[in-house]
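Take a look at the structure set out below.
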Amino acid sequence: MTAFERSPLQYVADRLLGSPRRLLSLAQAASLRLKITAMIVVLIMLLGGGLLLEIRAGLTAALSRQLDINGVALGHDLASDTTDLLLTKNTFALHALIAETLKNNSDVRYILLLDSSGQVVVHSFSHGVPRDLLGANQLDPGERYHVEIFQTEEGLIHDVAVPIMNGRAGTARIGMQETRIRTEVTALTQQVMATTVVVMLIVVLIASAGTAVFTQPLQALVHATRSVRKGDAAVQGLVRIGGEIGHLAGAFSEMVTDLRVSRAEVHRRTQELERRNQELSALNAIALAAGNAHELGDVLAAALTATLRVMRLPAGWIFLTSAPGAMSTTDNSGTDEPKLELAMHEGLPPEFARAEAGQLLANCLCRHVFEKGQPMVVSDIARECRCISLALIKQAGLFCHASVPLQAKGRVLGVLNVAAGRGHVFSGKEMSLLSAIGNQIGVAVENARLWEEIKLKEAMRGNLLAKVISVQEEERRRIARELHDQTSQSLASLRVGLQNVQRARDPVELEQSVKALEDLTGSILDDLHLLARELRPSVLDDLGLAPALERYVAEYGQRFNISIDLETEGIVEHRLPPAVETALYRIIQEALTNVARHAAATNVSVLVRYNRGAVLAMVEDDGQGFDPGLREHAQSSDRHLGLFGMQERASLLGGTLLVESAVGRGTTIVVRVPIPEQT
Numbered sequence: 023m024t025a026f027e028r029s030p031l032q033y034v035a036d037r038l039l040g041s042p043r044r045l046l047s048l049a050q051a052a053s054l055r056l057k058i059t060a061m062i063v064v065l066i067m068l069l070g071g072g073l074l075l076e077i078r079a080g081l082t083a084a085l086s087r088q089l090d091i092n093g094v095a096l097g098h099d100l101a102s103d104t105t106d107l108l109l110t111k112n113t114f115a116l117h118a119l120i121a122e123t124l125k126n127n128s129d130v131r132y133i134l135l136l137d138s139s140g141q142v143v144v145h146s147f148s149h150g151v152p153r154d155l156l157g158a159n160q161l162d163p164g165e166r167y168h169v170e171i172f173q174t175e176e177g178l179i180h181d182v183a184v185p186i187m188n189g190r191a192g193t194a195r196i197g198m199q200e201t202r203i204r205t206e207v208t209a210l211t212q213q214v215m216a217t218t219v220v221v222m223l224i225v226v227l228i229a230s231a232g233t234a235v236f237t238q239p240l241q242a243l244v245h246a247t248r249s250v251r252k253g254d255a256a257v258q259g260l261v262r263i264g265g266e267i268g269h270l271a272g273a274f275s276e277m278v279t280d281l282r283v284s285r286a287e288v289h290r291r292t293q294e295l296e297r298r299n300q301e302l303s304a305l306n307a308i309a310l311a312a313g314n315a316h317e318l319g320d321v322l323a324a325a326l327t328a329t330l331r332v333m334r335l336p337a338g339w340i341f342l343t344s345a346p347g348a349m350s351t352t353d354n355s356g357t358d359e360p361k362l363e364l365a366m367h368e369g370l371p372p373e374f375a376r377a378e379a380g381q382l383l384a385n386c387l388c389r390h391v392f393e394k395g396q397p398m399v400v401s402d403i404a405r406e407c408r409c410i411s412l413a414l415i416k417q418a419g420l421f422c423h424a425s426v427p428l429q430a431k432g433r434v435l436g437v438l439n440v441a442a443g444r445g446h447v448f449s450g451k452e453m454s455l456l457s458a459i460g461n462q463i464g465v466a467v468e469n470a471r472l473w474e475e476i477k478l479k480e481a482m483r484g485n486l487l488a489k490v491i492s493v494q495e496e497e498r499r500r501i502a503r504e505l506h507d508q509t510s511q512s513l514a515s516l517r518v519g520l521q522n523v524q525r526a527r528d529p530v531e532l533e534q535s536v537k538a539l540e541d542l543t544g545s546i547l548d549d550l551h552l553l554a555r556e557l558r559p560s561v562l563d564d565l566g567l568a569p570a571l572e573r574y575v576a577e578y579g580q581r582f583n584i585s586i587d588l589e590t591e592g593i594v595e596h597r598l599p600p601a602v603e604t605a606l607y608r609i610i611q612e613a614l615t616n617v618a619r620h621a622a623a624t625n626v627s628v629l630v631r632y633n634r635g636a637v638l639a640m641v642e643d644d645g646q647g648f649d650p651g652l653r654e655h656a657q658s659s660d661r662h663l664g665l666f667g668m669q670e671r672a673s674l675l676g677g678t679l680l681v682e683s684a685v686g687r688g689t690t691i692v693v694r695v696p697i698p699e700q701t
């Protein structure tokens, strides 16, 4: 519905009520005189609107009743005039009568004359009687008239049905339309609204003149307020104003005094907020740059570029510690000093970058930043930094630099260095911002490493699954081969022996055949028991982890000619849950398999110890060892897949796996699995 299709009152109501927030804003911004005048106008409009609605409703109801009365009277007249014409079936005269009736009565929309059977005799429609209209108004027997009101495309229609000769000759139906009613109601509405507007204008004039007297002191106070805002202190005279406005003026003077005191504090806090906003904008820019990348190199490049852009500095470089492996590892190389490597740089000459990469922060002042986790400023690189030659420093055009730690989850992951030319001094605010940036980059580095570790684990899990399937198939082929080559051949020999026994006649020969068959049967049983034990040692289910490990260790030492020592504590008298026993057995079995394949060891120690609440398993060898931190070819290496499989088994039980190794110093694998105490 457009504004032209609504009444003026509806349009005003929609404009005001449709946007209450806008109305409230306008009311708060208006002057007091305007508010008082507006309140009076609103009251008049509400009274006028209520009166108008009441008049419209009453007039519409009265005119509707009068329309029904006119329709009934007209129906009776029409029934009386058409009685003879219907009986004589004078259709021409009936049409003439209908046309005359329509001409003389503007409220009549249509006329229908029905015979006693309900069939239409004559009507006033030019294109035929609408189908739904015939059954819309039915007379009950003995009813003098019946009125139905229904909605049509032209508005409301009052359909009046009157019987002709008590219904024996038929029914006369007249449709009365409300066009005249709408016209009269609209005209009256316009008159009332015009009167309301005139009254409202008169009241507005009176209210405007009256409110000027009340608002004059307030206007003086407003003028004084504006003077104070411009720096004019001539506001003391307002205290002589009487009444509530005088008290308001005195309170205003006190407020001005307090405002002068607090203005300096507001200015200081505003500067602090501006500085904080700049820091947050810088951190947001760095987080956005780092968040759009997943690979560690891309994250560092984006973060360093954003840092230099935000800080407006020419050069920067980042040192990182070596990324941890997919499992907990310890390097037994004899030094606990973490390795720091140049991971990213920007704005540095190639020679300067190579020099930084070569020294690994071993003797640099920046190492204190890594060790202490505190930022540091080098005000003169040429004098204080002895790791880089003076020629390279002059070539780079750098004079001073600042270093901040890259931290995440309480750990220092590396060092961020930024440098500037002569004349730049790193202020306390800049160092605070750099420290926040360092923490942001540290979190991004941690997330990127976790992302790479997840991808590595997924790849290793896929390779492990492929290896498991391959091992299963190889085991099945071995079992099938042993069954075919040994068991089936032995069974065939047993069958031939039984046939010989059936044909034997000599008791001595019979006894020798039976003895040979007995030995052959024992050999077959031994082979089957060995095959079953290799698949799943029954002693693990029957007697527990300790006896199963004793048997496996004994067979392992004989098979690979390795001196192996087994020590168990607490698992004989305290049986572990079956899932824990199976997992530890397989982990120790895999660890010993890795020793036989890769370690070239001569001595191996196995320890399984149960304490209250946890079980500890340790496998230690004196072999050639390896570097657990190396990740090259980790996805395809049998050793890494074996370690990953052991870690997966421990993780499923809520345990941990620790690998301690170094090249030439042997390997130690420690597994700890929590055991819930039984109540």
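Residue 701 is where the sequence shown ends in the working numbering, and the numbering goes up by one at each step. Glycine included, C-beta positions come from ideal geometry on N, C-alpha and C.
In DSSP terms, what residue i is bridged to
| i | result |
| --- | --- |
| residue 366 | 340 |
| residue 664 | Residue 664 pairs with nothing; no bridge assigned. |
| residue 185 | 193 |
| residue 62 | DSSP output for residue 62 lists no bridge partner at all. |
| residue 634 | Note: residue 634 sits in no beta bridge, so no partner. |
| residue 640 | 629, 692 |
| residue 433 | 430 |
| residue 130 | 198 |
| residue 422 | 442 |
| residue 142 | 136 |
For residue i, three-class secondary structure by DSSP
| i | result |
| --- | --- |
| residue 261 | Confidence in residue 261 is poor, its pLDDT being 49 and thus under 50, which makes the residue's placement unreliable; the coordinate value appears in the next sentence. In this structure, residue 261 counts as helix in the three-state DSSP scheme. |
| residue 199 | strand |
| residue 427 | strand |
| residue 6 | This structure does not reach residue 6, given that the chain is present from 23 up to 701, and the question cannot be answered. |
| residue 460 | helix |
| residue 677 | coil |
| residue 110 | coil |
| residue 469 | helix |
| residue 694 | strand |
| residue 317 | coil |
| residue 98 | helix |
| residue 204 | helix |
| residue 400 | strand |
| residue 178 | strand |
| residue 392 | helix |
| residue 159 | coil |
| residue 650 | coil |
| residue 371 | coil |
Rounded C-alpha distance that separates residue i from residue j
| i | j | result |
| --- | --- | --- |
| residue 294 | residue 460 | 21 Å |
| residue 629 | residue 649 | 23 Å |
| residue 637 | residue 627 | 17 Å |
| residue 696 | residue 639 | 12 Å |
| residue 405 | residue 430 | 32 Å |
| residue 99 | residue 189 | 15 Å |
| residue 642 | residue 390 | 36 Å |
| residue 115 | residue 107 | 7 Å |
| residue 546 | residue 540 | 10 Å |
| residue 480 | residue 445 | 51 Å |
| residue 213 | residue 70 | 12 Å |
| residue 66 | residue 296 | 51 Å |
| residue 376 | residue 368 | 12 Å |
| residue 671 | residue 438 | 39 Å |
| residue 588 | residue 674 | 25 Å |
| residue 415 | residue 464 | 28 Å |
| residue 322 | residue 468 | 11 Å |
| residue 596 | residue 585 | 28 Å |
Distance between beta carbons of residue j and residue i, contact taken as under 8 Å
| i | j | result |
| --- | --- | --- |
| residue 342 | residue 365 | 4 Å |
| residue 372 | residue 418 | With a Cβ gap of about 10 Å, residue 372 and residue 418 do not count as contacting. |
| residue 684 | residue 647 | 5 Å |
| residue 211 | residue 74 | 6 Å |
| residue 199 | residue 179 | 6 Å |
| residue 336 | residue 432 | Not a contact, Cβ separation roughly 32 Å. |
| residue 397 | residue 456 | 7 Å |
So within the segment 568-631, which uninterrupted alpha helix (DSSP H) runs reach at least 4 residues, ignoring any that extend past its ends? DSSP runs (the alpha helix (DSSP H)) wholly in the segment 568-631: 600-616.
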